[in-house]
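In full-length UniProt numbering, the protein residues as written are 1 to 98. Here a beta-carbon is modelled for each residue, glycine too, at the ideal position from N, C-alpha and C. First up is the structure itself, then whatever we jot down about it.
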């Protein structure tokens, strides 16, 4: 893993732990990521605004400040999720309507 330049270039920007040549997410972040991965029924992420709130919670669990984000970051996530991603993904639309 130490020989992968692409991975090594991004590692300083990720809050990962390296143990025995394996990367690990911190426990609180891992739980949040697992919930998001299980979809809207578990994560309750059904809009861009809620996605942004989930990202803020994830950042908080990692000790990252939300003050470092641009003022219109929430609007960008809402636009991406609600207008771009959501409407181009019919399976996601179906899941969110359940």
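Legend entry - Beta bridge counterpart(s) of residue 22 as assigned by DSSP: Locating residue 22 in the chain shown gives position 22, where the first residue counts as 1. Answer is 19.
Legend entry - residue 83 versus residue 75 - alpha carbon distance: Sequence index remark: in the chain shown, residue 83 carries index 83 (1-based). Sequence index remark: in the chain shown, residue 75 carries index 75 (1-based). Rounded to whole angstroms, residue 83 to residue 75 spans 11 angstroms at the Cα level.
Inset, instruction - Name the two residues that bound the continuous alpha helix (DSSP H) containing residue 70. - result: The residue given as residue 70 occupies position 70 in the chain shown. Looking at the DSSP string, residue 70 is not in any alpha helix (DSSP H), and its letter there is neither H nor E.
Inset, instruction - Report the rounded CA-to-CA distance for residue 72 versus residue 33, giving the unit in angstroms. - result: Locating residue 72 in the chain shown gives position 72, counting from the first residue. Locating residue 33 in the chain shown gives position 33, counting from the first residue. Each residue's Cα considered, the two are about 23 angstroms apart.
Inset, instruction - Since I believe residue 81 is in contact with residue 47 (beta carbons under 8 angstroms), could you give me their beta-carbon distance rounded to a whole number of angstroms? - result: In the chain shown, counting from the first residue as 1, residue 47 sits at position 47. In the chain shown, counting from the first residue as 1, residue 81 sits at position 81. With 8 angstroms as the limit, residue 47 and residue 81 qualify as a contact, their Cβ atoms being about 7 angstroms apart.
Inset, instruction - Return the chain-ordered list of same chain residues with a C-beta closer than 7 angstroms to the C-beta of residue 59, the five sequence neighbours on each side being excluded. - result: Position 59 of the chain shown, counted from the first residue, corresponds to residue 59. The residues are 66.
Inset, instruction - Please report the residue range of the alpha helix (DSSP H) in which residue 39 lies. - result: Sequence index remark: in the chain shown, residue 39 carries index 39 (1-based). Run containing residue 39: none; DSSP gives neither H nor E here.
Inset, instruction - Buried or exposed for residue 70, please, with buried defined as at least 16 other CB atoms from any protein chain shown within 10 angstroms of its CB. - result: Here residue 70 is taken as the residue at index 70 of the chain shown, counted from 1. With fewer than 16 other Cβ atoms within 10 Å, it is exposed.
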